[in-house]
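In what follows, a structure is listed as structure tokens, so that the remarks can point back to it.
There are 2 protein chains.
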Amino acid sequence: MILDQNADPYTTGQAARQAVRAGRWAGPTAGLALGYVQANLVVLPQDCAFDFLRFCVRNPKPCPVLDVTAPGSPHPSSGWAQEADLRTDLPRYWLYENGQVAAELRDIVGHWRDDAVAFLLGCSFTFERAMLSAGLPVRHLECGCNVPMFRTNRCCQPAGMFQGPLVVSMRPVPSHLVVQAVQVTARYPAVHGAPVHIGDPAQLGIADLQRPDYGDPVPIYPGEVPLFWACGVTSQAVAQAIRLPWMITHAPGHMFITDRLDVELAIA
Amino acid sequence: MILDQNADPYTTGQAARQAVRAGRWAGPTAGLALGYVQANLVVLPQDCAFDFLRFCVRNPKPCPVLDVTAPGSPHPSSGWAQEADLRTDLPRYWLYENGQVAAELRDIVGHWRDDAVAFLLGCSFTFERAMLSAGLPVRHLECGCNVPMFRTNRCCQPAGMFQGPLVVSMRPVPSHLVVQAVQVTARYPAVHGAPVHIGDPAQLGIADLQRPDYGDPVPIYPGEVPLFWACGVTSQAVAQAIRLPWMITHAPGHMFITDRLDVELAIA
Numbered sequence: 005m006i007l008d009q010n011a012d013p014y015t016t017g018q019a020a021r022q023a024v025r026a027g028r029w030a031g032p033t034a035g036l037a038l039g040y041v042q043a044n045l046v047v048l049p050q051d052c053a054f055d056f057l058r059f060c061v062r063n064p065k066p067c068p069v070l071d072v073t074a075p076g077s078p079h080p081s082s083g084w085a086q087e088a089d090l091r092t093d094l095p096r097y098w099l100y101e102n103g104q105v106a107a108e109l110r111d112i113v114g115h116w117r118d119d120a121v122a123f124l125l126g127c128s129f130t131f132e133r134a135m136l137s138a139g140l141p142v143r144h145l146e147c148g149c150n151v152p153m154f155r156t157n158r159c160c161q162p163a164g165m166f167q168g169p170l171v172v173s174m175r176p177v178p179s180h181l182v183v184q185a186v187q188v189t190a191r192y193p194a195v196h197g198a199p200v201h202i203g204d205p206a207q208l209g210i211a212d213l214q215r216p217d218y219g220d221p222v223p224i225y226p227g228e229v230p231l232f233w234a235c236g237v238t239s240q241a242v243a244q245a246i247r248l249p250w251m252i253t254h255a256p257g258h259m260f261i262t263d264r265l266d267v268e269l270a271i272a
Numbered sequence: 005m006i007l008d009q010n011a012d013p014y015t016t017g018q019a020a021r022q023a024v025r026a027g028r029w030a031g032p033t034a035g036l037a038l039g040y041v042q043a044n045l046v047v048l049p050q051d052c053a054f055d056f057l058r059f060c061v062r063n064p065k066p067c068p069v070l071d072v073t074a075p076g077s078p079h080p081s082s083g084w085a086q087e088a089d090l091r092t093d094l095p096r097y098w099l100y101e102n103g104q105v106a107a108e109l110r111d112i113v114g115h116w117r118d119d120a121v122a123f124l125l126g127c128s129f130t131f132e133r134a135m136l137s138a139g140l141p142v143r144h145l146e147c148g149c150n151v152p153m154f155r156t157n158r159c160c161q162p163a164g165m166f167q168g169p170l171v172v173s174m175r176p177v178p179s180h181l182v183v184q185a186v187q188v189t190a191r192y193p194a195v196h197g198a199p200v201h202i203g204d205p206a207q208l209g210i211a212d213l214q215r216p217d218y219g220d221p222v223p224i225y226p227g228e229v230p231l232f233w234a235c236g237v238t239s240q241a242v243a244q245a246i247r248l249p250w251m252i253t254h255a256p257g258h259m260f261i262t263d264r265l266d267v268e269l270a271i272a
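Chain order of the listed sequences is D and L. Just so we're aligned, residue 5 is where the first sequence starts under the working numbering, counting upward by one. Just so we're aligned, residue 5 is where the second sequence starts under the working numbering, counting upward by one.
Here it is as structure tokens:
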């Protein structure tokens, strides 16, 4: 794992993707090619792709759509990534069958289908360079682990067959920097934007911050407040909730890294 | 037509929709229920709806998606409009057949299909309250006519069968207020946001500003600069370009008025 920008061996999204494709990087992608836009992957059969895209439109906080491939194509738009292949360019994948994780995979070449449609949804790792630049801590980078993620008691707006709970990522922030954290991340709505909740995890139905549903736990120091951002893993919790027959996603925290920079997405 | 906010007889989106549905309003909707979010309507058969939604994702400036109905349903999400019916609640509709306007209609009850999917795309009329509040002129409101719209020489990003030219709306702005016009409208990306072009219409392939492709011409006074915003009528130019067999839209300038306020969409 990467502790700071100086230790990052990959200076561009393309370099990071090449390392992943060659098998030289298989870990979480937080801190990798810092400043390049990172994305959640959701691969679905074409027959439910339209309803899923409607679900994303209705739930733009957890599911901000960056790109959607043509049916059967594993290649994102060239504007997002040159010479990329979504079957090989993520460090780890999860294969969902009937809503359960059936396998963790290093590539999905053998699982690709002619009717597969791939969605790229913005990931909050994207705004971590801006957080660091603003003097905000990013605990999972300090700890060299994955970000902690939690299923909440909040329901998404349903669309067609798709419904389920909101998933959030959590970052602890010193109380005197909470306003700053809201302002910095609000500039990036395409990668989840401002937090959905500040403080008491019980209000989101989270019982224990040290037991995340996805990713790793991180310490919260005295004087710090947990901040919760909408997370693209929501799509995986939805698949679980509705027992979706077939879906492939990234393994939580193991994202697709694009060629675009965070600053291209900043809104103000 | 409405010349200023005081003359607007409809104080809410719902009141304006009721007037439209009852046949009491059949004109363009600029200036109506000023401050409420207005939307373009696109109705397509389900079999091309997914490709059209992918087209919108790739072209968020002209086609910012606000809502997509379930196949067969003419009712938008309750968050956008309570008790609304997209078959009756717009002042005028255009029925496209093989890419040509086959009919202008006051309602589309008799043309609705079981496989129809309705898209609501943000409309720039929404940010005209903010323009007026900032001291910017809105010439088509002053003149009591429709906004002028033009097909341009810029191509949209294609998706599936959908491809075609960008359409823009034009508002003249005194040169000393051009920066202000950019800043004010940039706050509303869900309704086209900042202009796509400032100044010389020839750079967009527009030969004569007094001969718009849709809507009405407006005067441009000495010292004013034409500003061009991406326009949802792009979807109609696309239908024409690809000779789409069947589509229903609003008549340009005759929009769907929602229950949400412009301020809910402002990003900064």
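Every residue, glycine too, gets a C-beta built ideally from N, C-alpha and C.
For residue i, the three-state DSSP class (helix, strand or coil)
i: Asn10/D; result: Per-residue confidence for Asn10/D stands at a pLDDT of 47, beneath the threshold of 50, marking its modelled position as unreliable; no derived number is given.
i: Glu87/D; result: coil
i: Cys147/D; result: helix
i: Arg264/L; result: strand
i: Met5/D; result: At Met5/D, the pLDDT of 41 sits below 50, so the modelled position is not reliable; the number obtained from the coordinates is stated separately. Coil, per DSSP.
i: Pro295/D; result: Because chain D in this structure spans residues 5 to 272, residue 295/D falls outside the shown range and cannot be described.
i: Ser81/D; result: coil
i: Gln18/D; result: helix
i: His254/L; result: strand
i: Arg25/D; result: helix
i: Leu136/D; result: helix
i: Ala270/L; result: coil
Chain-ordered neighbours of residue i on chain L, where CB pairs are closer than 9 Å
i: Pro193/D; result: Pro193, Ile271
Neighbour list for residue i in chain L, Cβ cutoff strictly below 7 Å
i: Leu125/D; result: Correct list: empty, because the minimum Cβ distance to chain L is about 11 Å.
i: Ala185/D; result: The premise fails here: Ala185/D is roughly 16 Å from chain L at the closest Cβ pair, so nothing lies under 7 Å.
i: Ser81/D; result: Arg62
Contact set between residue i and chain D, taken where Cβ atoms lie within less than 8 Å
i: Asp71/L; result: Val61, Arg62
i: Leu90/L; result: None at all; the shortest Cβ gap to chain D is about 15 Å.
Pair within 8 Å by beta-carbon distance, residue i and residue j
i: Leu125/L; j: Tyr192/L; result: no
i: Leu131/L; j: Thr189/L; result: Here residue 131/L is Phe; the residue named in the question, Leu, does not match the sequence. Closer than 8 Å, so yes.
i: Cys127/D; j: Pro66/D; result: no
i: Trp116/L; j: Glu108/L; result: no
i: Gly17/D; j: Ala85/D; result: yes
i: Ala194/L; j: Met135/L; result: no
i: Ile210/L; j: Thr262/L; result: no
i: Leu172/D; j: Val200/D; result: Inspection of the sequence shows that residue 172/D is occupied by Val rather than by Leu. Going by C-beta atoms, Val172/D is nearer than 8 Å to Val200/D.
i: Leu48/D; j: Met251/D; result: yes
i: Gln167/L; j: Ala243/L; result: no
i: Pro205/L; j: Pro230/L; result: yes
i: Leu170/L; j: Ala34/L; result: no
i: Asp220/D; j: Gly39/D; result: no
i: Val72/D; j: Phe123/D; result: yes
i: Pro78/D; j: Ala30/D; result: no
Proximal chain D residues relative to residue i, where beta-carbon distance stays under 9 Å
i: Phe232/L; result: Residues of chain D passing the Cβ test: none, with the nearest at roughly 21 Å.
i: Gly168/L; result: Result: empty, since nearest Cβ-Cβ is about 18 Å, beyond 9 Å.
i: Ser77/L; result: Chain D residues near Ser77/L: none, gap ~11 Å exceeds 9 Å.
i: Leu140/L; result: Here the premise fails: no neighbours, minimum Cβ distance about 19 Å.
Length of the line joining the Cα atoms of residue i and residue j
i: His258/D; j: Asp93/D; result: 10 Å
i: Gln9/D; j: Met165/D; result: Note on Gln9/D: pLDDT 44, under 50, position unreliable in the model; no value is reported.
i: Arg91/L; j: Asn44/L; result: 13 Å
i: Asn63/L; j: Gly236/L; result: 10 Å
i: Asp212/D; j: Arg25/L; result: 52 Å
i: Gly51/D; j: Tyr100/L; result: One point to set straight first is that residue 51/D is Asp, not Gly, in the sequence displayed. Using only the alpha carbons, I get a separation of about 27 Å.
i: Phe54/D; j: Pro75/D; result: 11 Å
i: Gly83/L; j: Met174/D; result: 28 Å
i: Pro249/D; j: Val113/D; result: 19 Å
i: Asp217/L; j: Gly103/L; result: 15 Å
i: Ala37/D; j: Val142/D; result: 15 Å
i: Phe129/L; j: Thr238/D; result: 34 Å
i: Ile260/D; j: Pro13/L; result: Here the sequence assigns Phe to residue 260/D, which means Ile is not the residue at that position. Going from the Cα of Phe260/D to the Cα of Pro13/L covers about 51 Å.
i: Pro32/D; j: Val182/D; result: 25 Å
i: Pro178/L; j: Arg133/D; result: 40 Å
i: Tyr222/L; j: Cys147/L; result: Rather than Tyr, the amino acid found at residue 222/L in this sequence is Val. Those two C-alpha atoms are separated by around 7 Å.
i: Arg264/L; j: Val41/L; result: 6 Å
i: Ile6/D; j: Cys60/L; result: Summary for Ile6/D: the model assigns pLDDT 43, below 50, so the residue's position carries little reliability; its value from the coordinates is reported in the next sentence. C-alpha separation (whole angstroms): 37 Å.
i: Ala163/D; j: Arg21/D; result: 33 Å
i: Arg158/D; j: His196/D; result: 16 Å
i: Leu208/D; j: Pro226/D; result: 21 Å
Neighbour list for residue i in chain D, Cβ cutoff strictly below 7 Å
i: Arg264/L; result: In chain order: nothing, as chain D lies at least about 14 Å away.
Amino acids of chain L, ordered along the chain, whose beta-carbon sits closer than 8 Å to that of residue i
i: Val206/D; result: Note that residue 206/D is Ala in the sequence shown here, rather than Val. Correct list: empty, because the minimum Cβ distance to chain L is about 27 Å.
i: Gly164/D; result: Ala74
Segments assigned beta strand (DSSP E), at least 3 residues, entirely inside the region 53-77 of chain L: 69-72
Mind pulling the alpha helix (DSSP H) runs of 4 or more residues that sit fully within the region 144-226 of chain D? 182-190
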